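Participant:
Protein chains: 2
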Amino acid sequence: MSVYDDLMAYQRETEALAQVAGRLGWDQETMMPRGAAEQRSEEMAAMEGVLHARRSDPRVGGWLEQAVAVDEVSAAQLRQIRRSYDRAVKVPGSLAQELARVTSMAQGIWAEARAKEDVPGFLPVLAEVVRLRQEEGAALAAGGDVYDALMDDYEPGATAAVTGAMFDRMRPRLVALRAKVLGASRQPAPLKGSFGAEAQMRMARDLATAFGYDWNRGRLDLAVHPFSSGSGDDARITTRVVEAEPFNCFYSTIHEVGHACYELGIDPDYRLTPLGAGVSMGVHESQSRIYENQLGRSRAFTGWMFEQMRERFGAFGITSPEEFYASVNRVAPGYIRTEADEVQYNLHIMMRFDLERDLITGKLDVADLEAAWNARFLADFGVAVDKPSHGMLQDVHWSVGLFGYFPTYSLGNVYAGCLHRALRAEVTGLDESLAKGDATPATEWLRERLQRHGGLRSPRETVALACGFEPDEGPLLDYLEAKFGSIYGL
Amino acid sequence: MSVYDDLMAYQRETEALAQVAGRLGWDQETMMPRGAAEQRSEEMAAMEGVLHARRSDPRVGGWLEQAVAVDEVSAAQLRQIRRSYDRAVKVPGSLAQELARVTSMAQGIWAEARAKEDVPGFLPVLAEVVRLRQEEGAALAAGGDVYDALMDDYEPGATAAVTGAMFDRMRPRLVALRAKVLGASRQPAPLKGSFGAEAQMRMARDLATAFGYDWNRGRLDLAVHPFSSGSGDDARITTRVVEAEPFNCFYSTIHEVGHACYELGIDPDYRLTPLGAGVSMGVHESQSRIYENQLGRSRAFTGWMFEQMRERFGAFGITSPEEFYASVNRVAPGYIRTEADEVQYNLHIMMRFDLERDLITGKLDVADLEAAWNARFLADFGVAVDKPSHGMLQDVHWSVGLFGYFPTYSLGNVYAGCLHRALRAEVTGLDESLAKGDATPATEWLRERLQRHGGLRSPRETVALACGFEPDEGPLLDYLEAKFGSIYGL
């Protein structure tokens with residue numbers, strides 16, 4: 074065995090344990106009895122302790138000094154392990170465990186606070202999470218920018234400065250488009266009526282199948298906040314069901330299928346290695362968003378969905394595929410990011426990005442977060458927040474310490490715009506397939522061009538090679554202006 | 074912090090990780106997509122590697138040398154940790170991991186072989202499991218009896234010699250009772266008809282509630298082979314549903330509720346410590362069997378079940394509570410241990426006990442197991458096995474390496490007989506409660522007298538103190554003769 078082989082054998086067990094920890098997180102959100110929350114936080118902390126000790130083990134440092142890469146793949150494996158090791162050695166194990174313990178508990182506290190509209194009940198644990206992440210960020214940054222250090226965990230190489238500049242270029246076109254759309258004389262009708270929960274779940278399963286989700290290596294369950302989880306041969310998805318809002322269930326499902334197809338599409342040779350997972354959250358989100366929006370909300374695919382809904386639920390007010398397409402893509406004021414239309418979605422992210430940077434830098438105290446959120450929301454969206462579950466309690470993210478994560482959602486949209494331009498240029502007859510409820514030609518192109526490479530290259534490089542051009546926000550904005558211009562007759 | 078505190082803090086993380094590994098096993102049997110089996114076996118092996126390394130860590134040996142017990146509880150904690158450490162240091166980590174990997178894979182191979190009636194497809198992996206367990210047993214026995222060393226893992230202090238002697242005393246009375254019952258002129262009618270799956274599951278939930286199962290710290294799911302899993306605040310149960318066999322679903326549920334109530338009934342101060350789980354498999358089985366049989370199959374409780382079934386399923390052929398009681402307790406020839414009546418159940422165990430000892434000692438080769446099983450079954454039960462799923466493929470146990478486990482089932486029945494005698498002597502009005510569908514007075518007595526103590530004392534001592542007398546097979550056999558004598562008019 075070479076030094077490289079020793080290192081990879083060790084790393085394989087670490088990756089397997091990371092999968093176990095991930096599945097424990099899945100269980101917590103889907104299956105765990107409520108009364109187990111406190112015990113679970115100790116279990117999560119113990120797993121994090123094991124993982125952190127393995128990732129920062131001095132043997133890894135020794136192996137990394139001596140291991141020799143013989144090709145592109147082994148070079149990439151070593152690069153990923155070195156990145157993980159460098160980050161792990163900077164963070165004390167006790168801090169890593171404390172973060173796991175507190176964020177596991179905080180999740181339940183957030184859910185209860187959201188249900189009760191109880192901001193004060195959430196603030197103490199949020200303050201604790203912010204403090205721990207500040208401490209972790211400072212350890213990682215080693216004198217550099219703390220927020221950048223946190224963001225780098227989700228999107229290697231990304232910085233607040235570059236991301237902020239991109240947002241500055243995007244905002245004027247998005248704001249202008251929103252103004253035109255909301256002022257247009259043609260306004261699509263919203264969907265009305267009640268749609269049975271079981272029939273929604275059956276349709277959600279069929280939508281997952283339409284995009285090529287491999288049920289032999291995954292499953293669909295309910296969760297308060299839909300998510301996907303797991304790599305290799307076990308990539309699970311979740312959705313939610315509200316009888317008045319079937320689009321919520323359907324598009325959550327398609328979104329999570331995008332994430333899961335990425336994981337399931339990675340070269341099987343990379344399973345349980347550092348290359349065997351999506352390369353970054355931004356690239357991950359590019360897959361979920363292109364499935365959900367550019368494909369799932371396309372005129373062709375919504376035509377098929379319209380027929381499916383009429384068959385399954387009977388008549389429901391909308392009587393033509395054109396009306397249905399417009400309704401699916403309807404732009405309207407709203408509080409909730411995850412329910413936002415494509416035009417406004419990134420404006421939500423820009424707000425979170427600014428607020429969370431201020432929390433991490435200490436410019437904004439958690440005690441003042443609600444006021445800051447509500448003031449900013451009124452300024453950006455022209456609407457006053459009516460209750461905390463429509464405001465700062467709407468997302469689980471901060472409770473679980475995901476600071477630096479929100480901007481990757483927008484980056485994903487930008488990448489999805491680029492990938493969609495390339496996909497359309499290369500895959501002929503895609504609309505004909507989509508119109509028959511078959512999105513697998515798109516999944517196949519994405520698997521071949523992007524998904525299968527896993528963590529082989531940097532996030533930007535991964536997208537650039539898939540597209541054949543350097544990614545920027547242009548294609549996304551062009552797509553949005555064309556699509557919504559057409560729907561709203563601008 | 075004292076040495077004892079250091080050791081307990083370390084041990085607490087080990088216990089938390091053991092809970093994680095257990096939950097992974099639960100997931101594998103209830104939720105895991107089929108295609109994830111191979112990856113899962115690596116995940117299980119990695120967890121086992123972590124657990125084994127922690128349990129055999131030289132620091133534990135050092136702490137054990139210096140730690141001082143100050144009371145009964147700390148003495149018991151140290152005794153349990155020493156036991157775990159002594160076992161762990163004898164088994165090489167690579168063997169422990171290999172066992173975890175192979176048994177995780179073997180489970181799926183067994184399930185497939187059983188579905189296809191394919192003994193040859195199962196033999197190679199069974200041979201591998203036997204070989205690994207022989208190796209482990211030899212390491213543990215250190216020159217002593219290999220089978221005893223394996224059995225000791227499930228039932229500390231038990232030996233094949235003492236168990237075999239108990240079986241020798243039980244067999245004549247059981248065989249005589251069976252002969253009288255099967256030859257009786259009065260024979261109860263079997264249950265006939267089809268009972269909707271969803272209504273069965275609803276009734277299963279209500280049965281669990283009737284025994285005081287804490288839904289806030291558990292859940293009920295479907296599994297091929299019902300089991301319970303988890304300690305502390307997360308003790309889950311499973312059942313199965315066959316439309317023609319509602320008793321299968323109901324009594325599997327009550328059985329697993331017995332296991333789960335034991336775990337959930339342990340003193341919360343012991344959570345995530347070595348005392349925080351059932352003390353042995355035999356004592357565990359005493360709880361599941363007393364719930365299932367002495368309580369769940371009692372005249373009083375079946376009277377309530379009869380009314381419940383009539384309300385939920387309508388008329389179903391049996392028209393009186395007396396007939397229903399007899400039908401629930403009907404003795405009939407059958408192949409399957411888990412479906413065996415109380416009279417014949419222990420005869421199944423005696424057969425397994427002999428066969429598995431021969432496998433472990435090498436007297437019986439796995440290639441000859443099917444022939445040996447079928448010959449023995451014919452001799453003991455007077456019936457020729459018609460297919461492997463009714464024979465050696467009926468149980469998951471050997472595929473997952475559970476050699477030395479079967480005798481604890483009979484020990485559990487024996488302990489249940491003793492506990493039932495004591496319970497009936499002390500809890501007045503129990504039949505009145507059971508007749509109203511409320512078994513919680515029994516759960517409360519068992520919790521107070523036995524369950525709450527967890528691993529504080531040895532298995533025998535635990536039962537003896539709960540009963541107020543030294544346990545033996547007498548009360549069980551007396552109970553069986555009285556009950557079946559009355560049902561069959563002997």
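Read top to bottom, the protein sequences are chains L and Z.
Residue 563, in the numbering used here, is where the first sequence stops; the numbers in between run on with no holes.
Residue 563, in the numbering used here, is where the second sequence stops; the numbers in between run on with no holes.
Here a beta-carbon is modelled for each residue, glycine too, at the ideal position from N, C-alpha and C.
For clarity, every value in this text was computed on a predicted model and none was experimentally measured.
Can you name the residues of chain L whose CB is closer than 9 Å to the CB of proline 131 of chain Z?
Facilitator: The residue given as residue 131 of chain Z occupies position 58 in the second sequence. Under the 9 Å cutoff, chain L gives no residues; its nearest Cβ is about 16 Å from proline 131 of chain Z.
Participant: Hey, does arginine 108 of chain Z have any beta-carbon neighbour from chain L nearer than 9 Å?
Facilitator: If you number the second sequence from 1, residue 108 of chain Z lands on position 35. Note that residue 108 of chain Z is glycine in the sequence shown here, rather than arginine. Closer than 9 Å to some Cβ of chain L, the Cβ of glycine 108 of chain Z qualifies, so yes.
Participant: Quick check on alanine 93 of chain L - is its C-beta less than 9 Å from some C-beta in chain Z?
Facilitator: Translated into positions along the first sequence, residue 93 of chain L becomes position 20. What sits at residue 93 of chain L in the sequence shown is valine, not alanine. Interface residue, yes.
Participant: Per DSSP, aspartate 294 of chain Z forms a beta bridge with which residues?
Facilitator: For the purposes of this step, residue 294 of chain Z is taken as residue 221 along the second sequence, with counting starting at 1. Bridge partners of aspartate 294 of chain Z: Z:Thr311.
Participant: Just tell me which of L:Ala405, L:Pro261, L:Glu521 has its CA closest to the CA of proline 394 of chain L.
Facilitator: Taking the first residue of the first sequence as position 1, residue 394 of chain L is located at position 321. Checking every option, the nearest Cα to that of proline 394 of chain L belongs to L:Pro261.
Participant: Is the CB-CB distance between proline 406 of chain Z and leucine 255 of chain Z below 9 Å?
Facilitator: Translated into the one-based positions of the second sequence, residue 406 of chain Z becomes position 333. Translated into the one-based positions of the second sequence, residue 255 of chain Z becomes position 182. It is a contact, given that the beta carbons lie within the stated cut-off.
Participant: Label glutamate 415 of chain Z either buried or exposed according to how many other C-beta atoms from any shown protein chain fall within 10 Å of its C-beta, with 16 as the threshold for buried.
Facilitator: As a position in the second sequence, residue 415 of chain Z is number 342, starting the count at 1. Label assigned to glutamate 415 of chain Z: buried.
Participant: Give me the residue from Z:Val162, Z:Met105, Z:Met354 with the minimum Cα distance to glycine 122 of chain Z.
Facilitator: Locating residue 122 of chain Z in the second sequence gives position 49, where the first residue counts as 1. Ranking Z:Val162, Z:Met105, Z:Met354 by Cα distance to glycine 122 of chain Z puts Z:Val162 first.
Participant: Give me, in chain order, the residues of the same chain whose beta-carbon lies closer than 7 Å to that of glutamate 201 of chain Z; leave out the 5 immediate sequence neighbours on both sides.
Facilitator: Taking the second sequence and counting its residues from 1, one reaches residue 201 of chain Z at position 128. Excluding positions up to five away in sequence, the list reads Val175.
Participant: Chain L partners of leucine 295 of chain Z, CB-CB under 9 Å?
Facilitator: Position 222 of the second sequence, counted from the first residue, corresponds to residue 295 of chain Z. Chain L residues near leucine 295 of chain Z: none, gap ~13 Å exceeds 9 Å.
Participant: Of all Cβ atoms in chain L, is any one closer than 9 Å to the Cβ of aspartate 545 of chain Z?
Facilitator: Position 472 of the second sequence, counted from the start, is the residue given in the question as residue 545 of chain Z. Chain L, which has no Cβ nearer than 9 Å to the Cβ of aspartate 545 of chain Z, makes this no.
Participant: Which runs of the alpha helix (DSSP H) fall wholly inside the region 353-432 of chain Z and span at least 4 residues, in chain order?
Facilitator: The region 353-432 of chain Z contains these whole alpha helix (DSSP H) runs: 354-362, 372-386, 394-401.
Participant: Rounded to whole angstroms, what's the CA-CA distance from alanine 537 of chain Z to valine 133 of chain L? Just pull it up for me.
Facilitator: Translated into positions along the second sequence, residue 537 of chain Z becomes position 464. Translated into positions along the first sequence, residue 133 of chain L becomes position 60. About 52 Å.
Participant: Alpha carbons only, please: which of Z:Gly135, Z:Arg206, Z:Tyr488, Z:Pro480 is nearest the one belonging to tyrosine 158 of chain Z?
Facilitator: On the second sequence, position 85 is the one that residue 158 of chain Z refers to. Looking at the Cα atoms, Z:Gly135 is the closest of the given residues.
Participant: Any residues in the region 439-472 of chain L with a beta carbon nearer than 9 Å to a beta carbon of chain Z? Which ones, in chain order?
Facilitator: Answer set for the region 439-472 of chain L: empty.
Participant: For serine 301 of chain L, list the residues DSSP reports as bridge partners.
Facilitator: Locating residue 301 of chain L in the first sequence gives position 228, counting from the first residue. The partner list for serine 301 of chain L (beta bridge, DSSP) reads L:Ile310.
Participant: Where in the region 174-257 of chain Z do unbroken runs of the alpha helix (DSSP H), each at least 4 residues long, occur, reported from the N-terminal end onward?
Facilitator: Within the region 174-257 of chain Z, the complete alpha helix (DSSP H) runs of at least 4 residues are 192-214, 219-227, 233-256.
Participant: Closest by CA to threonine 232 of chain Z, which one among Z:Asp340, Z:Asp221, Z:Tyr482?
Facilitator: What you label residue 232 of chain Z is simply residue 159 of the second sequence in a count that begins at 1. The shortest C-alpha separation from threonine 232 of chain Z is found at Z:Asp221.
Participant: On the CB-based measure, 16 or more other CB atoms within 10 Å of its CB, does alanine 173 of chain L come out buried or exposed?
Facilitator: As a working mapping, residue 173 of chain L is identified with position 100 in the first sequence. Buried, since its Cβ has 16 or more Cβ neighbours within 10 Å.
Participant: So what's serine 559 of chain Z in DSSP terms, helix, strand or just coil?
Facilitator: The residue you call residue 559 of chain Z lines up with position 486 of the second sequence. Helix.
Participant: Spatial neighbours of arginine 362 of chain Z within its chain, please: CB distance less than 6 Å, with the 5 preceding and 5 following residues excluded, ordered by chain position.
Facilitator: Here residue 362 of chain Z is taken as the residue at index 289 of the second sequence, counted from 1. Closer than 6 Å at the Cβ level, and outside the excluded window around arginine 362 of chain Z, lie Gly485, Asn486, Ala489.
Participant: Where does lysine 163 of chain L fall in DSSP's three states?
Facilitator: Here the question's residue 163 of chain L lines up with position 90 in the first sequence. Lysine 163 of chain L falls in the helix class under three-state DSSP.
Participant: Residues in its own chain within less than 7 Å of glutamate 190 of chain L by CB, not counting five upstream and five downstream?
Facilitator: Here the question's residue 190 of chain L lines up with position 117 in the first sequence. Closer than 7 Å at the Cβ level, and outside the excluded window around glutamate 190 of chain L, lie Lys460, Pro461, Ser462.
Participant: Roughly how many whole angstroms lie between the Cα atoms of lysine 509 of chain L and arginine 96 of chain L?
Facilitator: Within the first sequence, the letter at position 436 stands for residue 509 of chain L. Within the first sequence, the letter at position 23 stands for residue 96 of chain L. About 35 Å.
Participant: Give, in chain order, every residue of the region 264-291 of chain Z whose Cβ lies closer than 9 Å to some Cβ of chain L.
Facilitator: Listed by position along the chain: Asp287, Trp288, Asn289, Arg290, Gly291.
Participant: When you compare the CB of methionine 105 of chain Z with every CB in chain L, is at least one pair closer than 9 Å?
Facilitator: As a position in the second sequence, residue 105 of chain Z is number 32, starting the count at 1. Chain L, which has a Cβ nearer than 9 Å to the Cβ of methionine 105 of chain Z, makes this yes.
Participant: What residues from the region 325-345 of chain L come within 8 Å of chain Z, judged by C-beta to C-beta, listed N to C?
Facilitator: Result list: Arg344, Leu345.
Participant: Is it true that the region 502-517 of chain Z meets the region 110-128 of chain Z, where meeting means three or more beta-carbon pairs spaced less than 8 Å apart?
Facilitator: No contact exists between the region 502-517 of chain Z and the region 110-128 of chain Z.
Participant: DSSP three-state label for serine 267 of chain L, please.
Facilitator: Taking the first sequence and counting its residues from 1, the one referred to as residue 267 of chain L is at position 194. DSSP places serine 267 of chain L in coil when its eight states are reduced to three.
Participant: With 16 as the cutoff for other CB atoms within 10 Å, does threonine 501 of chain L come out buried or exposed?
Facilitator: Counting from 1 along the first sequence, the entry for residue 501 of chain L is found at position 428. Its Cβ having fewer than 16 others within 10 Å, threonine 501 of chain L is exposed.
Participant: Buried or exposed: where does methionine 74 of chain Z fall if 16 or more other Cβ atoms within 10 Å of its Cβ makes it buried?
Facilitator: Within the second sequence, the letter at position 1 stands for residue 74 of chain Z. It is exposed - the Cβ of methionine 74 of chain Z has fewer than 16 other Cβ atoms within 10 Å.
Participant: Between the Cα of aspartate 511 of chain L and those of L:Leu563, L:Ala283, L:Val356, spot the shortest distance and give me the residue it belongs to.
Facilitator: Locating residue 511 of chain L in the first sequence gives position 438, where the first residue counts as 1. Of the listed residues, the one whose Cα sits closest to aspartate 511 of chain L is L:Ala283.
Participant: Going by other Cβ atoms of all chains shown within 10 Å of its Cβ, with 16 needed for buried, is arginine 370 of chain L buried or exposed?
Facilitator: As a first step, residue 370 of chain L must be located in the first sequence, where it is residue number 297. By the neighbour-count rule (16 or more Cβ atoms within 10 Å), arginine 370 of chain L is buried.
Participant: Counting only the same chain and skipping the five closest in sequence on each side, list residues whose C-beta sits under 6 Å from that of valine 458 of chain L.
Facilitator: Numbered from its first residue, the first sequence carries residue 458 of chain L at position 385. Cβ neighbours of valine 458 of chain L beyond the five flanking positions: Asn447, Phe450, Gly464.
Participant: From Z:Tyr408, Z:Gly528, Z:Thr535, Z:Gln360, pick the residue whose C-alpha is nearest to that of serine 483 of chain Z; which is it?
Facilitator: Working through the second sequence from its first residue, we reach residue 483 of chain Z at position 410. For serine 483 of chain Z, the nearest C-alpha among the options comes from Z:Gln360.
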